[in-house]
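Heads up: the sequence shown is residues 5 to 249, going by the working numbering.
Note that CB positions come from ideal geometry on N, CA and C, so glycine has one too.
Being a predicted model, the structure only gives us computed values, none of them experimental.
Right, one structure below, let's go through it.
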Amino acid sequence: MEQLYKDLAAVYEAMYYTFVDYQKEYTFYSSLFKKYQKENLLEIGSGTGNLAAYFRENGFTYLGLDMSEEMTAIAKNKYPNAEFTVEDMRFFKIDKEVQGVVMAGRTISYLRSNKDVHNTFRSVANSLEKGGIFCFDFIDASRFIPEIAGGKKITHEAVHKGVHYIRKSKWTEHLVQGMDFHWISTYYKKEVDNLIELGKDDSIIRTFTKDELVLFLKLNQFEIKEIIDKGSYAFPTYVIVAEKV
Ligand SMILES: C[S@@+](CC[C@H](N)C(=O)[O-])C[C@H]1O[C@@H](n2cnc3c(N)ncnc32)[C@H](O)[C@@H]1O
């Protein structure tokens, strides 16, 4: 598993809390579940639990699922009353079917092979009741891969609880299996004029075209309801809303 979700989990928590407006994320996803009248939810890739409190405080039944023990420990520590489980999204089973599944924050990027996507969508379909709604976002290959072709360096900064974090990244296309990219990043803390290294992450991240995800969904009992051009702090992203038929 990526260092970002292990040794760097606390740095993720601090930096992404600054990058992502989780209240806005909650408003976006909850409005979809309200529109389709779903209130009993599973979040896949629940990370450090930043959506959990919003869902719980607003009348949704919520279960968070994530493979990282370190990320889930932070989530549990922040929200001891919320329910979280440490599992792999490709092979999970839940006791009782839910009405909605949300997978946000480009969590799908970690499904590197087609088999991984297929297994995950099958597990999601098995965990949803008939008519249930699955919403997830993904990095749009058709816009992002041309943007980084040949390599792109990018720096992200965040100030959280008085600490100034800096992440220096290099993104390079990695088109060996699918529309992947290689993301090498070093995380620092800035103190006066010194950069103190906190750790490194070296990951292969998958991006997708809309058509391939529509096909994976069709193969797993889903019908597309909406495709929304959403964007995120760093990537061009779409959100797909699909119904289990
Ligand atoms: C980019 S983070 C997004 C976290 C959270 N949704 C957010 O927006 O802050 C991706 C998350 O997916 C989780 N993850 C990666 N591979 C996974 C897998 N196979 N099964 C379950 N979770 C996984 C990581 O541990 C991480 O918490």
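Proximity test, residue i beta-carbon vs ligand 3 heavy atom, cut-off 7 Å
i, result
"glycine 136", "This structure simply doesn't include ligand 3; it includes ligand 1 instead."
heavy atom of ligand 1 below 7 Å from residue i C-beta
i, result
"threonine 241", "no"
"arginine 60", "no"
"glycine 49", "yes"
"methionine 19", "no"
"glycine 109", "yes"
"valine 24", "yes"
"tyrosine 9", "yes"
"tyrosine 83", "no"
"methionine 75", "yes"
"lysine 54", "As written in the sequence, residue 54 is asparagine, which differs from the lysine given in the question. Yes."
"arginine 171", "no"
"aspartate 92", "yes"
"aspartate 70", "yes"
"tyrosine 237", "no"
"lysine 191", "A quick correction: the sequence has tyrosine, not lysine, at residue 191. Checking the Cβ of tyrosine 191 against ligand 1 gives no."
"tyrosine 30", "no"
Proximity of residue i and residue j at Cβ, strictly below 8 Å
i, j, result
"isoleucine 137", "tyrosine 66", "no"
"phenylalanine 148", "leucine 217", "no"
"threonine 76", "phenylalanine 64", "no"
"glutamate 43", "glutamine 103", "yes"
"valine 243", "phenylalanine 125", "no"
"valine 245", "lysine 229", "yes"
"tyrosine 169", "alanine 18", "yes"
"valine 90", "methionine 107", "no"
"serine 127", "arginine 171", "no"
"valine 121", "phenylalanine 32", "no"
"isoleucine 112", "alanine 13", "no"
Residue i: first and last residue of the uninterrupted beta strand (DSSP E) it sits in
i, result
"tyrosine 242", "241–248"
"aspartate 191", "For clarity, residue 191 is tyrosine in the given sequence; the question names aspartate instead. Per DSSP, tyrosine 191 belongs to the beta strand (DSSP E) from 184–195."
"serine 207", "198–210"
Own chain, CB closer than 6 Å to residue i, minus 5 neighbours either side, in chain order
i, result
"isoleucine 98", "Ser131"
"tyrosine 30", "Leu55 and Tyr58"
"methionine 183", "Ala145, Ile149 and Thr211"
"lysine 10", "Glu74"
For residue i, the first and last residue of its enclosing alpha helix (DSSP H)
i, result
"glutamine 27", "26–39"
"leucine 219", "214–222"
"aspartate 99", "Where aspartate 99 is concerned, there is no enclosing alpha helix (DSSP H), given that its DSSP letter is neither H nor E."
"asparagine 123", "118–131"
"glutamate 73", "73–82"
Residues near residue i by beta carbon distance below 8 Å, same chain, minus five either side
i, result
"alanine 86", "Gly53, Ala56, Ala57, Arg60, Tyr66, Gly68, Ala79 and Lys80"
(request) Kindly confirm or deny that the stretch 226–245 and the stretch 190–207 touch, where touching means at least three C-beta pairs closer than 8 Å. (result) no
(request) For the stretch 25–35 and the stretch 48–58, state whether three or more C-beta atom pairs, one from each stretch, are separated by less than 8 Å. (result) yes
(request) Spell out a yes or no on whether the stretch 149–161 and the stretch 173–181 are touching, meaning 3 or more CB-CB pairs, one atom from each, closer than 8 Å. (result) Touching, yes.
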